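Note sheet for the following structure.
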Amino acid sequence: MSKSSVSARHQRKRPVSNVVELTAKPVIPERPDLDLHEVESHLLDLEGILRALEIVIQQDAFNSPSAECHALHVLVDTAQDTAGRLRTTLWPRDGEPRRT
Numbered sequence: 262m263s264k265s266s267v268s269a270r271h272q273r274k275r276p277v278s279n280v281v282e283l284t285a286k287p288v289i290p291e292r293p294d295l296d297l298h299e300v301e302s303h304l305l306d307l308e309g310i311l312r313a314l315e316i317v318i319q320q321d322a323f324n325s326p327s328a329e330c331h332a333l334h335v336l337v338d339t340a341q342d343t344a345g346r347l348r349t350t351l352w353p354r355d356g357e358p359r360r361t
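In short: position in the sequence shown from 1, add 261, done, that's this note's numbering.
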């Protein structure tokens, strides 16, 4: 049996509830090597890229409205929502980094 089929079979055995539980509670582990300023810098870069991509998609949508443009717009919206959730997870409303 190949390694990929063993891996796929092993993955099917994992209960879905464990995956849901892990993703439902975002936790930032205590890591002294985690530089939150660097993380924020990367997050700001990502948000800027997403804004630029959204502008390009909107311009293309005017030239050729299509299902592909709509799908790309949905992906950008989803990525922006994810970036926002990451920002909220790392920096709650008080502006202090969240630690567990």
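Ideal Cβ positions, reconstructed from N, Cα and C, are used throughout, including at glycine. These numbers were taken from a predicted model, which means no experiment stands behind them.
Member of the options whose CA lies at the smallest distance from the CA of residue i
{"i": "Gln319", "options": "Cys330, His298, Asp338, Leu311", "result": "Cys330"}
Contact check, residue i vs residue j, beta carbons under 8 Å
{"i": "Leu314", "j": "Val337", "result": "yes"}
{"i": "Leu347", "j": "Leu305", "result": "no"}
Span separating the alpha-carbon of residue i from that of residue j
{"i": "Ala340", "j": "Arg312", "result": "10 Å"}
{"i": "Ile316", "j": "Ser325", "result": "14 Å"}
{"i": "Ile310", "j": "His334", "result": "13 Å"}
{"i": "Asp342", "j": "Ala328", "result": "21 Å"}
{"i": "Ser302", "j": "Asp321", "result": "29 Å"}
{"i": "Pro353", "j": "Ala332", "result": "31 Å"}
Element boundaries [alpha helix (DSSP H), containing residue i]
{"i": "Asp342", "result": "328 to 351"}
Residues near residue i by beta carbon distance below 8 Å, same chain, minus five either side
{"i": "Ala344", "result": "Leu304, Leu307, Glu308, Leu311"}
Close beta carbons around residue i, own chain, < 7 Å, minus the five adjacent residues each side
{"i": "Thr349", "result": "none"}
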